[in-house]
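J.:
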Amino acid sequence: MTTLHAQIFGSGRPLVALHGIYAHGGRFRALAEEYLPGFAVHALDLRGHGHSPHLPPWSLAQQVQDVLTTMDELDLGRADVLGFSYGGLVAAHLANQAPQRVRGLILMDPAIGLDPAASERGATNAMVDKSFADADEARQWREQGWPSTAAAVAQARAEVDEHLVHSHDGRFRWRCQQAAVVVAYSEMARPAVLPPPGLPSLLLFGTNAGVVSGDYTQACRKAGVRVVAVESGHQLMLERPVETGTAIKDFLAELE
Numbered sequence: 001m002t003t004l005h006a007q008i009f010g011s012g013r014p015l016v017a018l019h020g021i022y023a024h025g026g027r028f029r030a031l032a033e034e035y036l037p038g039f040a041v042h043a044l045d046l047r048g049h050g051h052s053p054h055l056p057p058w059s060l061a062q063q064v065q066d067v068l069t070t071m072d073e074l075d076l077g078r079a080d081v082l083g084f085s086y087g088g089l090v091a092a093h094l095a096n097q098a099p100q101r102v103r104g105l106i107l108m109d110p111a112i113g114l115d116p117a118a119s120e121r122g123a124t125n126a127m128v129d130k131s132f133a134d135a136d137e138a139r140q141w142r143e144q145g146w147p148s149t150a151a152a153v154a155q156a157r158a159e160v161d162e163h164l165v166h167s168h169d170g171r172f173r174w175r176c177q178q179a180a181v182v183v184a185y186s187e188m189a190r191p192a193v194l195p196p197p198g199l200p201s202l203l204l205f206g207t208n209a210g211v212v213s214g215d216y217t218q219a220c221r222k223a224g225v226r227v228v229a230v231e232s233g234h235q236l237m238l239e240r241p242v243e244t245g246t247a248i249k250d251f252l253a254e255l256e
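Once you know that position 126 of the sequence shown is 126 in the UniProt record's numbering, the rest is easy, because the numbers rise by one and skip nothing.
Printed below as a string of structure tokens:
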């Protein structure tokens with residue numbers, strides 16, 4: 001059993017937030033502080049990322065178990081659960097495995113049921129060492145890969161402070177385990193799963209991201225999931241923070 005590293009933003013009703021690959025729980029700070037007053041947002045570092053254990057196994061089943069174990073350690077019997085990208089995949093499987101632990105489910109551009117060829121390309125790219133000569137180079141690299149919004153620029157700077165480590169060879173790298181990312185891409189190619197029947201659920205997807213398929217959004221609608229399209233790429237919180245934050249806030253308010 002493994003307890004994951006958690007950052008807690010705010011106080012009140014518990015919400016567990018799960019990040020995507022290469023990331024960490026600190027990515028949810030702005031969302032929590034600006035749009036989720038009255039919530040204690042427990043932003044976890046998934047296995048292989050941030051300050052959580054980096055040792056295997058890195059399977060989806062282990063990721064789900066890690067989150068449930070951490071919820072137990074934090075005395076979170078039942079909580080809202082939000083997952084972004086790979087974190088959305090973990091959240092969806094957690095909700096199906098233990099629906100009694102989830103009050104409301106939010107899937108934010110979840111990496112669920114990806115095309116196997118796309119997952120293979122992602123995994124192959126993840127095997128390439130990503131290192132930088134200094135912190136400035138890392139920040140510039142991150143900014144180039146994100147939308148040119150104020151939220152993205154601020155997060156890129158925060159990444160250097162919170163998520164960059166000086167490696168033994170003198171290079172700088174993000175605080176995550178490459179092998180865990182490779183395994184994550186394999187898990188993303190699993191057959192798609194829907195939120196469990198009867199569980200209040202919200203699917204947010206970026207119309208320009210190409211991550212969530214039309215078949216998946218249609219299946220979610222038929223299953224009674226609230227589906228919200230955001231004119232954005234994959235990084236909804238950075239590209240469209242107001243629309244994204246407001247949709248999440250409104251959904252959660254209805255569950256009170």
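Idealized CB from N, CA, C, for every residue including glycine.
How many angstroms separate the CA atom of Trp141 from the CA atom of Phe39?
T.: Cα to Cα, Trp141 sits roughly 33 Å from Phe39.
J.: Who are Phe28's beta bridge partners in DSSP?
T.: DSSP lists no partner for Phe28.
J.: Give the single residue among Arg226, Ser232, Ser201 and Glu256 whose Cα lies nearest to the Cα of Gly104.
T.: Ranking Arg226, Ser232, Ser201 and Glu256 by Cα distance to Gly104 puts Ser201 first.
J.: Quick check on the DSSP output: the beta strand (DSSP E) that includes Trp146 runs from which residue to which?
T.: Counting along the chain, Trp146 falls outside any beta strand (DSSP E), and DSSP gives it neither H nor E.
J.: Is it buried or exposed, Ser52, if we count other Cβ atoms within 10 angstroms and call 16 or more buried?
T.: Ser52 comes out buried.
J.: Where in the region 62-140 do unbroken runs of the alpha helix (DSSP H), each at least 4 residues long, occur, reported from the N-terminal end onward?
T.: Within the region 62-140, the complete alpha helix (DSSP H) runs of at least 4 residues are 86-97 and 116-126.
J.: At what residues does the beta strand (DSSP E) containing Leu204 begin and finish?
T.: Unbroken beta strand (DSSP E) run through Leu204: Ser201 to Gly206.
J.: Between the C-alpha atoms of Gly122 and Pro99, what's the straight-line distance to the nearest angstrom?
T.: Going by the C-alpha atoms only, they are around 30 Å apart.
J.: Got a sec, what are the start and stop residues for the beta strand (DSSP E) Val230 sits in?
T.: First-last of the beta strand (DSSP E) with Val230: Arg226 to Val230.
J.: Please state if the CB of Thr244 and the CB of Val227 are separated by a distance shorter than 7 Å.
T.: No, Cβ-Cβ distance for Val227 and Thr244 is not below 7 Å.
J.: Could you give the residue range of the alpha helix (DSSP H) that holds Leu252?
T.: That run of the alpha helix (DSSP H) goes Pro241 to Ala253.
J.: Alpha carbon to alpha carbon, what distance is there between Met108 and Glu33?
T.: For Glu33 and Met108, the distance between alpha carbons rounds to 18 Å.
J.: Quick check on Gln7: does DSSP put it in helix, strand or coil?
T.: Of the three classes helix, strand and coil, the one that applies to Gln7 here is strand, per DSSP.
J.: What are the boundary residues of the beta strand (DSSP E) that includes Ala43?
T.: Ala43 -> beta strand (DSSP E) spans Phe39 to Leu44.
J.: Cβ of Ala92 within 7 Å of Cβ of Val211?
T.: No. Outside cutoff.
J.: So, at 8 Å on beta carbons, what are the nonlocal neighbours of Val90 in its own chain, with the 5 sequence-adjacent residues on each side left out?
T.: Excluding residues within five positions, the ones whose Cβ falls inside 8 Å are Leu18, Leu46, Leu60, Gln63, Val64, Val67 and Gly83.
J.: Considering just the uninterrupted stretch of the alpha helix (DSSP H) at Val181, what are its terminal residues?
T.: That run of the alpha helix (DSSP H) goes Gln178 to Met188.
J.: Have a look at Glu254, Asp75, Ala6 and Glu159 and flag the residue whose alpha-carbon is nearest the alpha-carbon of Tyr22.
T.: Out of Glu254, Asp75, Ala6 and Glu159, Glu159 has the C-alpha closest to the C-alpha of Tyr22.
J.: Do Gly214 and Leu234 come within 7 Å of each other at the CB atom, strictly closer than that value?
T.: The sequence as given places His at residue 234; Leu does not occur at that position. The answer is no: Cβ separation not under 7 Å.
J.: Closest by CA to Phe9, which one among Ala43, His49, Ala179 and His24?
T.: If we check each option's Cα against that of Phe9, Ala43 comes out closest.
J.: Counting C-beta neighbours from all protein chains within 10 Å, is the total for Glu254 16 or more, i.e. buried, or is it exposed?
T.: Counting Cβ neighbours within 10 Å, Glu254 comes out exposed, since fewer than 16 surround it.
J.: Which residues mark the beginning and the end of the beta strand (DSSP E) in which Ala17 is found?
T.: That run of the beta strand (DSSP E) goes Arg13 to Leu18.
J.: Leu164 by DSSP, collapsed to three states: which one?
T.: Residue state, collapsed to three classes: strand.
J.: With 16 as the cutoff for other CB atoms within 10 Å, does Arg27 come out buried or exposed?
T.: Label assigned to Arg27: buried.
J.: Is it right to say His168 is buried, meaning 16 or more other beta carbons lie within 10 angstroms of its own, or is it exposed?
T.: So His168 counts as exposed.
J.: Grab me the residues of Tyr216's own chain with a C-beta within less than 7 Å of its C-beta, minus the 5 sequence neighbours each way, in chain order.
T.: Excluding sequence neighbours, Tyr216 sits near Ile112, Gly113 and Ala192.
J.: Considering Cα atoms alone, identify which of Ala154, Ala179 and Arg221 is closest to Met237.
T.: The option with the nearest alpha carbon to Met237 is Ala154.
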